[in-house]
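Before any comments, here is the structure.
Right under this line is the structure:
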């Protein structure tokens, strides 16, 4: 636990829906679990609907509610701005916060375009010279099993990497009458399954491999091209909501499939879909090297499957690693071995890493530069798909 004398870090968050609730859980819990040099304080939450944002503040533990993000950034009790809005406003809010002298945590994907992401990186670089830090919120890096998998790869447990394969599957828009929410409109979301799910798996593949993709070959598809306009409140990713008689065009992809190549010569395959019936939030990744293989399944969040190919064939095979020991990443602050963690803990760990980066003045990972590189991969995927799967280099 933090000491009573610990300095405070006032947090202001823009957005209060699904990701706002998840980030609130992280900020509310982190100081109660980890021994931090700086104590985060939930100073203010911001949203356009006054009644809704006030209710969110009361529910999640924020001290104040704002309806103008510019006013929230200007508050003296806010030193860090957490951006949890749709992608079309990431760049404007994050850049304004950085220019106002605030630290910034921004949800993924970093922006809706490479141009916006580049502007955010430049603002972060200028802010870094003033001692500010900026991080993009790829929360799955903070699952202890994923962080431990990265450690195993870095230690050479897989040897020379040959293959990476990743899938991220959901089913919340399978119903053709599900309404045309913001995630299905390019002007707000930038892209569909590609940006929403594909950004996660591109980041995870590069993070675990320890190297970047240099080119892709892709196809995308929109299965339902028109949907009813929302007639009332829509329940996030729950696959429920009200649609009216009027309809509008779906302007993003429903699914994206692509192959990729790493600089080392290793190859990768990716599949992101929101049309996989029965798959609620199914993320799986496997890495194969000449010395072994490693696999992770989000539905078995506290486990890794590991095969050591250097063992005699008679004794070899995949074995289960239960990632709940104090020696595993983040777990020295939690429960006794065998007591599993869940999805929400990735946001607690994200808050921890952000607070430490601010306190220590170090560059947090993933950085805005990392977010820009993911954005470049997504742009290359879209370009390849537009050219009928033509192999497309990822700009450096």
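In our numbering, the protein residues as written are 5 to 400.
Note that CB positions come from ideal geometry on N, CA and C, so glycine has one too.
Per-residue DSSP class, three states only, for residue i
i, result
"residue 324", "strand"
"residue 64", "helix"
"residue 114", "coil"
"residue 330", "coil"
"residue 93", "helix"
"residue 372", "helix"
"residue 348", "coil"
"residue 248", "strand"
"residue 181", "coil"
"residue 13", "strand"
"residue 34", "helix"
"residue 305", "coil"
"residue 390", "helix"
"residue 108", "strand"
"residue 119", "helix"
"residue 103", "helix"
"residue 398", "coil"
"residue 230", "strand"
"residue 165", "strand"
"residue 134", "coil"
Residues that DSSP places opposite residue i in a beta bridge
i, result
"residue 276", "172, 260"
"residue 50", "18, 70"
"residue 310", "298, 323"
"residue 45", "14"
"residue 253", "230"
"residue 265", "219, 271"
Length of the line joining the Cα atoms of residue i and residue j
i, j, result
"residue 404", "residue 189", "This structure cannot settle anything about residue 404, because the visible part of the chain is limited to 5 through 400."
"residue 117", "residue 178", "27 Å"
"residue 29", "residue 352", "7 Å"
"residue 130", "residue 124", "10 Å"
"residue 187", "residue 223", "20 Å"
"residue 34", "residue 359", "9 Å"
"residue 218", "residue 398", "5 Å"
"residue 263", "residue 302", "21 Å"
"residue 54", "residue 231", "29 Å"
"residue 293", "residue 200", "28 Å"
"residue 113", "residue 185", "18 Å"
"residue 256", "residue 77", "31 Å"
"residue 300", "residue 150", "7 Å"
"residue 243", "residue 20", "The predicted model places residue 243 with a pLDDT of 46, which falls under 50 and marks its position as unreliable, so this point remains unresolved."
"residue 13", "residue 373", "24 Å"
"residue 269", "residue 310", "22 Å"
"residue 155", "residue 122", "30 Å"
"residue 281", "residue 261", "17 Å"
"residue 197", "residue 318", "42 Å"
"residue 288", "residue 170", "6 Å"
"residue 160", "residue 109", "32 Å"
"residue 6", "residue 355", "Reliability of the predicted coordinates at residue 6 is poor, the pLDDT of 41 falling under 50, and no value is obtained from them."
"residue 49", "residue 79", "11 Å"
Start and end residues, beta strand (DSSP E) containing residue i
i, result
"residue 222", "217-225"
"residue 289", "286-293"
"residue 87", "84-87"
"residue 451", "Since the first residue shown for the chain is 5 and the last is 400, residue 451 is missing from the structure and cannot be characterised."
is_contact[residue i, chain C] using C-beta, thresh 8 Å
i, result
"residue 368", "No chain C is present in this structure, which holds just one protein chain."
Whole-angstrom C-beta distance between residue j and residue i, which should lie under 8 Å
i, j, result
"residue 208", "residue 291", "Going by Cβ atoms, the distance from residue 208 to residue 291 rounds to 10 Å, so no, they are not a contact pair."
"residue 17", "residue 32", "That belief does not hold up - the Cβ atoms of residue 17 and residue 32 are roughly 11 Å apart, past 8 Å."
"residue 297", "residue 162", "7 Å"
"residue 38", "residue 337", "5 Å"
"residue 348", "residue 26", "7 Å"
"residue 193", "residue 90", "6 Å"
Limits of the alpha helix (DSSP H) - the one that residue i falls within
i, result
"residue 212", "203-213"
"residue 152", "148-158"
"residue 193", "190-193"
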